[in-house]
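Chemist:
2 protein chains.
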Amino acid sequence: MQDDDIANIMRALGHPVRLNILRFLASQQQQRECCCGDVTETLPLAQSTVSQHIKVLLDAGLIERKPHGTRNRYMIRHDRLAELGTAFGGLLDGLNFQVPHKEAEPA
Amino acid sequence: MQDDDIANIMRALGHPVRLNILRFLASQQQQRECCCGDVTETLPLAQSTVSQHIKVLLDAGLIERKPHGTRNRYMIRHDRLAELGTAFGGLLDGLNFQVPHKEAEPA
DNA sequence: CGAATTAATCGGTGAATTGCGATGAACATG
DNA sequence: CATGTTCATCGCAATTCACCGATTAATTCG
Numbered sequence: 001m002q003d004d005d006i007a008n009i010m011r012a013l014g015h016p017v018r019l020n021i022l023r024f025l026a027s028q029q030q031q032r033e034c035c036c037g038d039v040t041e042t043l044p045l046a047q048s049t050v051s052q053h054i055k056v057l058l059d060a061g062l063i064e065r066k067p068h069g070t071r072n073r074y075m076i077r078h079d080r081l082a083e084l085g086t087a088f089g090g091l092l093d094g095l096n097f098q099v100p101h102k103e104a105e106p107a
Numbered sequence: 108m109q110d111d112d113i114a115n116i117m118r119a120l121g122h123p124v125r126l127n128i129l130r131f132l133a134s135q136q137q138q139r140e141c142c143c144g145d146v147t148e149t150l151p152l153a154q155s156t157v158s159q160h161i162k163v164l165l166d167a168g169l170i171e172r173k174p175h176g177t178r179n180r181y182m183i184r185h186d187r188l189a190e191l192g193t194a195f196g197g198l199l200d201g202l203n204f205q206v207p208h209k210e211a212e213p214a
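Top line first, the protein sequences correspond to chains G and F. Counting in the working numbering, the first sequence runs from 1 upward without gaps. Counting in the working numbering, the second sequence runs from 108 upward without gaps.
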């Protein structure tokens, strides 16, 4: 992964609302897939604003959209999270620090 | 670490120039401590711009300043990188939701 | 003290981000 | 076909970001 890619992803993660969205998607996706409205309900923001944040996460490749009827279902891209983990580990390694690697199986 | 803190640090890491600065500091600090001018030489940016980027990294707690004569020496805060590694690992863990064990259901 | 060095900070510009309400496309259903 | 639902997208305003040159504070040294 290039510096630009890493920086892009970092910027996508650089907003509390987007962290919340990611965590919400992660917590719900055991049972169901969430659409934009589901996310909006959990936040004190307008639908259009949430949609924008979702777009940022989409562009960063952290989530994917799956159209389903009149609504779009969003899900976390675990493959990309794995990539990110590796890249981030590499970054920290490069800064002369060993990453504490927990071995979590990406379901 | 709070979401806001994580988001702040992510935003600080969300610019290629700042990644370069961090890596440069890391690469040089084996031999010497670097001042703002040293960093500026390695980048196609004005001194004031580099100083701004350094300030962002300072505010995020990723580096520290040590005044030394007429110049300031900057060094990476490995303690904070360790914290960040832990927090980031926790974040990814939270997003890579664990699939419950098949036999783990309470009878 | 005066001159030089270093680098933070100020002021300005243009672009990007964050938020909103409103609009419109896509789809399901009566 | 008309209606309702969902939600991406389009302005729009306010704020922040990235960059620059110029200035200024602090320090060293002659």
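Just so it is clear, CB atoms sit at the ideal spot from N, CA and C, and this is done for glycine as well. Here the structure is a predicted model, which means the values were calculated and not measured.
Counting only Cβ-Cβ distances shorter than 8 Å, please list the residues of the region 169 to 203 of chain F near chain G, keeping chain order.
Modeler: Those residues of the region 169 to 203 of chain F placed with their C-beta closer than 8 Å to a C-beta in chain G are Ile183, His185, Leu188, Ala189, Leu191, Gly192, Thr193, Phe195, Gly196, Leu198, Leu199, Asp200, Gly201, Leu202 and Asn203, ordered along the chain.
Chemist: Starting from F:Arg130, find everything on chain G with Cβ-Cβ shorter than 8 Å and list it in chain order.
Modeler: Gly94 and Leu95
Chemist: My guess is that F:Ile161 and F:Ile128 are in contact by the Cβ rule of under 8 Å, so how many angstroms apart are they, rounded?
Modeler: 7 Å
Chemist: Which residues mark the beginning and the end of the beta strand (DSSP E) in which G:Pro67 is found?
Modeler: Ile63 to His68
Chemist: In terms of residue numbering, what span does the alpha helix (DSSP H) encompassing F:Asn115 cover?
Modeler: Asp110 to Leu120
Chemist: Tell me which residues of the region 35 to 63 of chain G have at least one Cβ-Cβ distance to chain F shorter than 8 Å, keeping chain order.
Modeler: none
Chemist: Does DSSP put G:Asn20 in a helix, a strand or coil?
Modeler: Residue state, collapsed to three classes: helix.
Chemist: Going along chain F in order, which residues have a C-beta closer than 8 Å to the C-beta of G:Arg157?
Modeler: There is simply no residue 157 of chain G to check, as chain G begins at 1 and stops at 107 in what is shown.
Chemist: Looking at the structure shown, is G:Arg73 part of a helix, part of a strand, or coil, going by DSSP?
Modeler: strand
Chemist: Which stretch, first to last residue, makes up the alpha helix (DSSP H) that contains G:Thr49?
Modeler: DSSP places G:Thr49 inside the alpha helix (DSSP H), whose first and last residues are Gln47 to Asp59.
Chemist: Provide the residue(s) that pair with F:Cys141 in DSSP beta bridges, ordered along the chain.
Modeler: F:Tyr181
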